[in-house]
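As given, the protein sequences belong to chains A and B, one line each in that order. Positions in the first sequence are counted from 1; adding 336 to them yields the numbering used here. Positions in the second sequence are counted from 1; adding 19 to them yields the numbering used here. Even for Gly, the Cβ is constructed at its ideal location relative to N, Cα and C. Predicted model, so just to flag it, every value in this text is computed and none were measured. Worksheet for the structure shown next.
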Amino acid sequence: MSESDRPTAESRRGFVNWLLGTSAGAFAVSAFYPVVRFIVPPAEAESATSSVTLPFTPAEIGANEGKQFRFGNRPGLLVRTPTGELRAFSAECTHLSCTVQYRTDESRIWCACHNGFFDLNGRNVQGPPPRPLDTYDVNVRGDQIVVSLKA
Amino acid sequence: MENNESRLSAIWNWLDQRIGLAPAVSLARKKEVPVHKHSIWYYMGGMTLFLYVVQIATGILLLIYYRPSADEAYESVQFLMTDVKFGWLVRSIHHWAANLMILMAFIHLFSVLFMKAYRPPRELTWFSGVILLALALAFGFTGYLLPWNELAYFATRVGTEILGVFPLVGDFALKIARGGTDVTGATLTRFYGVHVAILPAIGFAFLGLHLLLVQKLGMSVPPSIENSGSPKRAMKFVPNFFLRDAIGWLVAVALLATLAAFLPAHLGVKADPFAPAPAGIKPEWYFMFMFHQLKLLPAHILGIEGELVGIMAFALGGVFLFLIPFLDRNAAKGKPSPLFTWIGIAILVYIVVMTYLGFTADPMG
Numbered sequence: 337m338s339e340s341d342r343p344t345a346e347s348r349r350g351f352v353n354w355l356l357g358t359s360a361g362a363f364a365v366s367a368f369y370p371v372v373r374f375i376v377p378p379a380e381a382e383s384a385t386s387s388v389t390l391p392f393t394p395a396e397i398g399a400n401e402g403k404q405f406r407f408g409n410r411p412g413l414l415v416r417t418p419t420g421e422l423r424a425f426s427a428e429c430t431h432l433s434c435t436v437q438y439r440t441d442e443s444r445i446w447c448a449c450h451n452g453f454f455d456l457n458g459r460n461v462q463g464p465p466p467r468p469l470d471t472y473d474v475n476v477r478g479d480q481i482v483v484s485l486k487a
Numbered sequence: 020m021e022n023n024e025s026r027l028s029a030i031w032n033w034l035d036q037r038i039g040l041a042p043a044v045s046l047a048r049k050k051e052v053p054v055h056k057h058s059i060w061y062y063m064g065g066m067t068l069f070l071y072v073v074q075i076a077t078g079i080l081l082l083i084y085y086r087p088s089a090d091e092a093y094e095s096v097q098f099l100m101t102d103v104k105f106g107w108l109v110r111s112i113h114h115w116a117a118n119l120m121i122l123m124a125f126i127h128l129f130s131v132l133f134m135k136a137y138r139p140p141r142e143l144t145w146f147s148g149v150i151l152l153a154l155a156l157a158f159g160f161t162g163y164l165l166p167w168n169e170l171a172y173f174a175t176r177v178g179t180e181i182l183g184v185f186p187l188v189g190d191f192a193l194k195i196a197r198g199g200t201d202v203t204g205a206t207l208t209r210f211y212g213v214h215v216a217i218l219p220a221i222g223f224a225f226l227g228l229h230l231l232l233v234q235k236l237g238m239s240v241p242p243s244i245e246n247s248g249s250p251k252r253a254m255k256f257v258p259n260f261f262l263r264d265a266i267g268w269l270v271a272v273a274l275l276a277t278l279a280a281f282l283p284a285h286l287g288v289k290a291d292p293f294a295p296a297p298a299g300i301k302p303e304w305y306f307m308f309m310f311h312q313l314k315l316l317p318a319h320i321l322g323i324e325g326e327l328v329g330i331m332a333f334a335l336g337g338v339f340l341f342l343i344p345f346l347d348r349n350a351a352k353g354k355p356s357p358l359f360t361w362i363g364i365a366i367l368v369y370i371v372v373m374t375y376l377g378f379t380a381d382p383m384g
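Encoded structure:
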């Protein structure tokens, strides 16, 4: 073995430092990975609700009136227009997802959080909401109101 | 009497030999505070700190009765307010001291801004201070939800929804903040953990750094005083300044007790995720200027959603505020920098006007 082939003290030190550094790095990653995964919430089951029967009858909602209902785990809003037609919407405002309500005095749908207004077709007509409300199909079967996702 | 004194000095010597009290004493003796016409503003940081201590004390007491779950949180606060002796007092002081602490932090920030105390070598003091203000706002935001009432529920829904507006990372950040896609009991436990453990831990680290820097660098003297060459007077910190501090803190305690007695913290109606948002929904006053600004923005600005534009503008504003020590080159060189004084005044006027408009706006549109 010639003199130049022998590992110098410096390269040995460099190697040990490299080993120490990568070990410390690997240790940090192995310690923090579970923490990061712990903070990310587990995936929720996608809401399978495609239709709900409302807990009130068509007779219980008068013209120019709105009623909140649950569509699976989401809030919904049923409106009977001044002309007597039933319409159902997702009650989640498209702006910052507050729950909207029907304003009898305005005959429009209103979000109290940032004063957004939607017309009776769910169109965003005033204020900050950027998109129309999602709409559902409404079917009246005798005494029951059935609200379902748009086909 | 003599016996007592010698016993005390014996204890002192015993401790001094083991942990070395002498350097701390000489540091306290040496510490001075400059005296000039703007000296009053030196009390604002200490007042903020005092209110933070009040928050820790009352917060620990609240922990004894509070239950962090969607089914029990509201009821446990109701129990605290009605059945627990002085429960109303502890919660009301926690409520009022939180508001006053944030108010003092804002006053402290603006006084530091106008006195240009962020110029070298105090840039890190400014950075840690802005971070502490952000932490204080996070304390306020997470604490607001804990009683699980209607107002807090919707304020949290709107506040966290804002995270979702950010491009690319928005959805992920929203899910992390809420512990799912919606504001639920999972959000409540998350906010609870952040409010009582994570924020205090981070807060202590930055508070320690902030206070250490203040000790190391001493109080900044405003350029106008420094350049006028007026006689440099100073006051001993111990006991002169400290006793003045203490008077302020006593006044604060009296004020807190008065506010708690005459304007106790409300609880309101329990949160119902399926009920519509109530009219007159509003966030805490220190978020009002942003909340109201978002209300005023149109749905779209130059084809981008209005809320995204607004929120990005506020985010950039925060970055700008943070970086002021690097941006204000004139102040760094010891020259007058009227531009940054005017920027400070503009920010202050904007916040005050927007807050006023927010509180006087007609809630029914």
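Residue i - containing beta strand (DSSP E), residue span
| i | result |
| --- | --- |
| T208 (chain B) | Here T208 (chain B) belongs to no beta strand (DSSP E); instead the alpha helix (DSSP H) covers G204 to G212. |
| P53 (chain B) | E51 to V54 |
Closest by C-alpha distance to residue i, when choosing among the options
| i | options | result |
| --- | --- | --- |
| G267 (chain B) | B:S45, B:I59, B:V52 and B:N23 | B:I59 |
| I320 (chain B) | A:T435, A:L414, A:V483 and A:P466 | A:P466 |
| L456 (chain A) | A:C434, A:L485, A:T419 and A:A379 | A:T419 |
| A92 (chain B) | B:H229, B:W167, B:M63 and B:Q36 | B:W167 |
| L342 (chain B) | B:R141, B:A296 and B:V215 | B:R141 |
| E245 (chain B) | B:E24, B:R26, B:H57 and B:L27 | B:H57 |
| L164 (chain B) | B:K289, B:G329, B:T77 and B:F125 | B:K289 |
| K135 (chain B) | B:A380, B:R176 and B:G363 | B:G363 |
| L385 (chain B) | B:G212, B:E303 and B:Y71 | A question about residue 385 (chain B) goes unanswered here, because the residues of chain B that appear run from 20 up to 384. |
| C429 (chain A) | A:G350, A:N400, A:T440 and A:P464 | A:P464 |
| R263 (chain B) | B:L27, B:D35 and B:V52 | B:V52 |
| A76 (chain B) | B:D102, B:H114 and B:S88 | B:H114 |
| L143 (chain B) | B:G212, B:D347 and B:L228 | B:L228 |
| G398 (chain A) | A:T440, A:F363, A:Q480 and A:R459 | A:T440 |
| G178 (chain B) | B:L187, B:A155, B:V202 and B:F191 | B:V202 |
| L390 (chain A) | A:S443, A:S347, A:R459 and A:Q404 | A:Q404 |
| E94 (chain B) | B:N118, B:L232 and B:G287 | B:G287 |
Enclosing alpha helix (DSSP H) for residue i [first to last residue]
| i | result |
| --- | --- |
| L132 (chain B) | G106 to F133 |
| L456 (chain A) | Segment: none, L456 (chain A) is in no alpha helix (DSSP H) and carries neither H nor E. |
| R197 (chain B) | G189 to R197 |
| I364 (chain B) | P357 to T379 |
| I221 (chain B) | L218 to L236 |
| G64 (chain B) | Y62 to L82 |
| R141 (chain B) | Careful: R141 (chain B) lies outside any alpha helix (DSSP H) and carries neither H nor E. |
Residue i - partner residues in DSSP beta bridges
| i | result |
| --- | --- |
| S484 (chain A) | A:S387 and A:D473 |
| C429 (chain A) | None; C429 (chain A) has no bridge partner. |
| W446 (chain A) | A:Q437 and A:F453 |
| N168 (chain B) | B:K289 |
| K255 (chain B) | B:E51 |
Helix, strand or coil at residue i according to DSSP, with G and I counted as helix
| i | result |
| --- | --- |
| P241 (chain B) | coil |
| N22 (chain B) | helix |
| F341 (chain B) | helix |
| F374 (chain A) | helix |
| G402 (chain A) | strand |
| E396 (chain A) | helix |
| I150 (chain B) | helix |
| P465 (chain A) | coil |
| L414 (chain A) | strand |
| L422 (chain A) | strand |
| F407 (chain A) | strand |
| A136 (chain B) | coil |
| S88 (chain B) | coil |
| A379 (chain A) | coil |
| L335 (chain B) | helix |
| P42 (chain B) | helix |
| F185 (chain B) | coil |
| A200 (chain B) | In the sequence under discussion, the amino acid at residue 200 (chain B) is Thr, which differs from the Ala named in the question. In the structure shown, T200 (chain B) sits in coil (DSSP, three-state: anything other than H, G, I, E or B). |
| V215 (chain B) | helix |
| V103 (chain B) | coil |
| T344 (chain A) | coil |
| G353 (chain B) | coil |
| M337 (chain A) | Reliability fails at M337 (chain A), whose pLDDT of 48 lies under 50, so the model's placement of it is uncertain and the value that follows must be treated cautiously. M337 (chain A) falls in the coil class under three-state DSSP. |
| D35 (chain B) | helix |
| G361 (chain A) | helix |
| G329 (chain B) | helix |
Proximity test, residue i beta-carbon vs the ligand GDP heavy atom, cut-off 7 angstroms
| i | result |
| --- | --- |
| G398 (chain A) | Among the components of this structure there are no ligands whatsoever, and the ligand GDP is therefore not found. |
Open item on the list: Quick check on the DSSP output: what are the complete beta strand (DSSP E) runs of length 3 or more inside the segment 260-327 of chain B, in order along the chain?
Closed with: List check, beta strand (DSSP E) in window: nothing returned.
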